[in-house]
Every structure is written in structure tokens, then in C-alpha cells.
Amino acid sequence: MKKKLLTLAVAAALPMAAQAANAEVTIYGKIHASIDYLSADQADRDLSGSNDSLWDVTSRASRIGFKGSEDLGNGLKAIWKIESGVNIAEGGGGFATRNAYIGLAGGWGTFLYGRHDTPMKMSTGKLDIFVDTIADYNLQGSGLGTGGFVDIRASDAIAYVSPSFAGLTLVGAIVPDADHGEVVKEQGDFAGAYSLAAMYSNGGLFLSGAYESLDDLFGGADASHWRIGAGFDFGAFHIGGVYSDVDGTLGGFTKANGKSNDYKVYTINGSWTFGNNVLKAMWMNTDWDEDIPVYKDNGLPGSDDSTSTWAIGLDHNFSKRTKAYVIYANSDMALNGSNFNTVGAFAREQDAFSMGMVHKF
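According to my numbering, the sequence shown holds residues 42 to 402 in order.
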């Protein structure tokens with residue numbers, strides 16, 4: 042009797058095992074938090090309203106995700122992902138707040154739709170050596186919505202990623218004409234936003250170029266920008282750089298009041314790996330096409346036409362999944378804005394010290 046029951050159990054499990062062999066589900070994530078200390082060098086514009094320095098614990102792009110695929114036969118796969126941001130410092134977050142999509146993949150490339158990083162963001166992501174830290178190139182000046190690279194994770198996106206052609210990959214995405222989330226579109230347009238990128242990788246060389254057009258960004262001015270990036274790895278060393286020309290994107294301060302919001306931003310960086318350690322540094326500069334009187338019009342002091350940031354850091358890898366780091370950064374923010382996106386900080390110049398840990402699973 043026991044043998045018969047065992048035989049029936051095995052027989053019942055075989056179809057389930059066959060289905061499992063054709064489908065894969067992966068749970069993954071990253072826990073990243075830092076302890077940050079900021080100091081203002083300008084006495085009359087302090088950080089918190091009463092002090093010229095402060096410190097805080099910050100959750101930095103911590104996340105948990107689920108992704109999977111199913112073999113549909115003839116080289117075709119169904120793919121999907123649901124990734125959610127998690128704030129481990131203060132609690133909170135939301136479901137599917139990061140990349141979340143469904144699609145198909147095969148030898149012809151990948152088609153997906155949902156919420157995803159734009160091709161512009163994808164084009165130089167690997168060149169941000171301080172990614173998700175206090176010196177991330179997207180965070181400089183972000184308290185006022187300007188001064189850094191404009192990287193967007195678009196809702197309602199429809200995207201295609203080509204296969205690699207001798208190291209060249211092409212990516213394109215559009216956001217249809219509808220009123221949702223990050224990009225507000227004009228009714229009647231086929232696409233309220235589109236983004237295109239080309240990326241080339243060969244050995245230690247990486248090159249990229251991208252163009253993006255966004256209508257009524259965040260309910261404000263239209264924006265368009267193009268970007269080029271380059272990186273080269275040779276032995277234990279890495280050098281890289283990114284240049285972007287941005288036209289008309291200052292968040293709430295828009296061309297509606299007749300002011301120019303155009304600027305150019307560029308960064309260079311380098312790193313040296315020795316043992317389980319990585320020593321790295323970056324410099325970044327933003328130049329506006331003209332002074333920014335729009336800030337004075339909105340009660341914000343300062344109208345200089347350039348800002349700069351530099352940072353140096355050291356990573357120590359305990360393992361492939363766990364590392365600790367320290368970073369020192371300095372930002373000369375001509376617009377008296379929030380240089381480092383940690384707290385609501387206002388000062389003409391800031392120094393920042395950050396120590397953090399990252400664990401991936």
C-alpha cells in the first residue's frame with residue numbers, strides 16, 4: 042500500500058516538475074543605508090534652519106524584487122519583473138515603485154511594457170561609479186530639481202531592446218499619449234515622451250549615446266536632452282565620463298515664466314581596484330546657458346551660472362554580496378540649493394561625509 046501511494050505521489054509530481062523546469066522565479070534585492078554628515082560653509086544659509094551641520098541615516102535605493110521567465114518554445118520566452126523600493130531607515134515604500142513590466146524575449150531582442158528606466162538612463166548607468174550614494178551624479182542639485190543628469194523611470198512605457206550586434210545594442214521606448222505619473226502628455230500626441238539610446242561594448246571599452254524628449258515634464262516645461270558617455274577598463278583601473286545637454290527642465294521653475302532653463306552637465310571619474318578595495322573619485326560640473334533669474338523670482342538667492350561637485354570614496358568588499366564604503370564630497374552650489382539629496386539642505390557650499398553598507402541577495 043505504501044509503495045502504491047509513493048508511486049501515485051511521484052506520478053502526480055511529474056507534471057508539476059515539468060512545468061517548473063520551463064518557468065523560473067527569482068527573489069532578489071538590495072539593502073543599502075548610510076550614515077551621512079553634512080556641513081554648510083555659508084554662515085547665513087544653514088542646513089536645518091538653526092544649525093550649520095547635521096547628520097542623518099538614509100536608506101539609499103533599497104529594494105526587493107521578483108522576476109521570472111517561462112520558456113514558450115521555439116526560442117521565445119515570457120519575461121516579467123516586479124521591483125519595489127523599501128525605506129529601511131524610516132519604514133515605508135510601496136509596491137512596484139521601481140521597474141515593473143511584462144514582455145517577450147527571443148533571438149530578435151526584448152519587448153516589454155510597464156514601468157522601466159528610460160533608454161537615456163540605461164545608456165550611462167554603468168558609468169556612475171558612485172551610484173545610489175550621496176555622490177550619485179543624479180542627486181547633485183536635486184533639491185531644486187536641477188543641476189544633475191536627468192534620469193527617469195517612466196510609467197506606461199513601451200520599450201524594445203535589440204540583441205547585441207558585434208557589441209552594439211539599441212534601445213527605444215515611448216510613453217503613449219495619456220495622463221499618468223512622471224510625464225504629463227499633451228492630448229492627441231502619439232507619444233508624450235520618447236527615449237532612444239545606442240550602447241557599444243568591446244573588451245574594456247564602453248561607448249553610449251542617447252536622446253530623449255519629454256512633453257510637459259512634471260506638469261512644467263517641455264524638456265529634451267542628449268547625452269554621450271564613455272568608459273574604459275584596463276587592468277585594475279577604470280576611467281569614464283558623461284556629457285549631457287539639457288533643454289528646459291527645472292521641475293517647478295519652468296519656461297512658463299519666460300526664463301531659460303537650459304544647461305550642460307559633464308562628469309569624469311576614475312577608480313583603482315586593489316585586493317578587496319576600490320578607491321574612486323569623480324568631478325562634475327554644470328554650466329547654465331545664462332544666469333538663472335528665475336530663482337530670484339521665486340524667492341531663492343543666487344543666480345550664478347555654474348556649479349561643481351567632487352567626491353572621493355573607498356569601497357571594501359567583504360564578499361561578492363556585501364560591502365562597506367566611506368565617501369567625502371564637496372559641492373559648490375551656486376544656486377544655494379540642496380546639493381546632496383539627504384535632507385532639505387540649503388547652503389552655497391556643502392561638505393558631506395558618508396559611510397554605508399550594501400548587501401545584495
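Just so it is clear, CB atoms sit at the ideal spot from N, CA and C, and this is done for glycine as well. Since we're looking at a predicted model, the values are computed, not measured.
Please check the pair residue i and residue j, which I expect to be a contact at CB under 8 Å, by giving their CB distance rounded to whole angstroms.
| i | j | result |
| --- | --- | --- |
| Ala251 | Met161 | 4 Å |
| Ile368 | Ala239 | Actually they are not in contact, since the Cβ atoms of Ile368 and Ala239 sit about 31 Å apart, beyond 8 Å. |
| Gly354 | Phe171 | 6 Å |
| Ile123 | Ala146 | Contact doesn't hold; Cβ gap of about 17 Å is too wide. |
| Ile72 | Phe107 | 16 Å between Cβ atoms; not a contact. |
| Ala365 | Trp351 | In fact, because the Cβ distance is near 22 Å, the residues do not count as touching under 8 Å. |
| Leu246 | Phe278 | At roughly 13 Å, the Cβ-Cβ gap does not stay under 8 Å, so Leu246 and Phe278 are not in contact. |
Which term fits residue i, buried or exposed, when burial requires 16 or more other beta carbons within 10 angstroms of its beta carbon?
| i | result |
| --- | --- |
| Ser30 | With the chain represented from 42 up to 402, any question about residue 30 goes unanswered, as that position is not in the structure. |
| Ala81 | buried |
| Thr348 | buried |
| Glu253 | buried |
| Gln391 | buried |
| Gly184 | At Gly184, the pLDDT of 38 sits below 50, so the modelled position is not reliable and the matter cannot be decided from this model. |
| Gly233 | buried |
| Arg362 | exposed |
Which residue's Cα is closest to the Cα of residue i: the options?
| i | options | result |
| --- | --- | --- |
| Leu79 | Tyr69, His73, Val98 and Ala64 | Val98 |
| Leu113 | Ile105, Thr165, Val306 and Gly144 | Gly144 |
| His266 | Glu65, Asp158, Asp288 and Tyr142 | Asp288 |
| Met396 | Thr67, Ser75 and Gly70 | Ser75 |
| Tyr307 | Ile269, Ala277 and Gly166 | Ile269 |
| Ser100 | Gly213, Asn318, Met323 and Asn128 | Asn128 |
| Tyr201 | Thr159, Asn310 and Asp286 | Thr159 |
| Gly148 | Thr327, Lys118, Ile199 and Ala207 | Lys118 |
| Thr174 | Ser110, Glu111 and Asp77 | Asp77 |
| Gly276 | Thr314, Ile309 and Tyr304 | Thr314 |
| Asn326 | Glu111, Phe152 and Ile309 | Ile309 |
| Asn140 | Ala198, Gly116 and Thr151 | Ala198 |
Straight-line CA distance for residue i to residue j?
| i | j | result |
| --- | --- | --- |
| Gly340 | Val399 | Residue placement at Gly340 is poorly supported in this model, since its pLDDT is 47, which falls under 50; the coordinates still yield a value, given next. Taking the straight line from one Cα to the other gives about 39 Å. |
| Asn298 | Leu320 | Because Asn298 sits at a pLDDT of 41, beneath the cut-off of 50, its placement in the model cannot be relied upon, and the point is left open. |
| Leu248 | Gly281 | 10 Å |
| Arg194 | Gly155 | 10 Å |
| Tyr241 | Tyr178 | 22 Å |
| Thr210 | Gly126 | 28 Å |
| Gly133 | Ala393 | 26 Å |
| Ala102 | Asn243 | 30 Å |
| Gly166 | Gly135 | 23 Å |
| Asp93 | Phe359 | 35 Å |
| Pro217 | Ser236 | 12 Å |
| Val283 | His357 | 25 Å |
| Phe402 | Asp330 | 44 Å |
| Leu255 | Ala264 | 5 Å |
| Leu95 | Asn318 | 29 Å |
For a test of your reading of the model: does the CB of residue i fall under 6 Å from any non-hydrogen atom of the ligand SAH? Yes or no.
| i | result |
| --- | --- |
| Asp303 | Because no ligand of any kind appears in the structure shown, any question about the ligand SAH cannot be addressed here. |
- Item | Segments assigned beta strand (DSSP E), at least 3 residues, entirely inside the segment 307-334 | 318-329
- Entirely enclosed beta strand (DSSP E) segments - the segment 152-206, minimum 3 residues: 194-202
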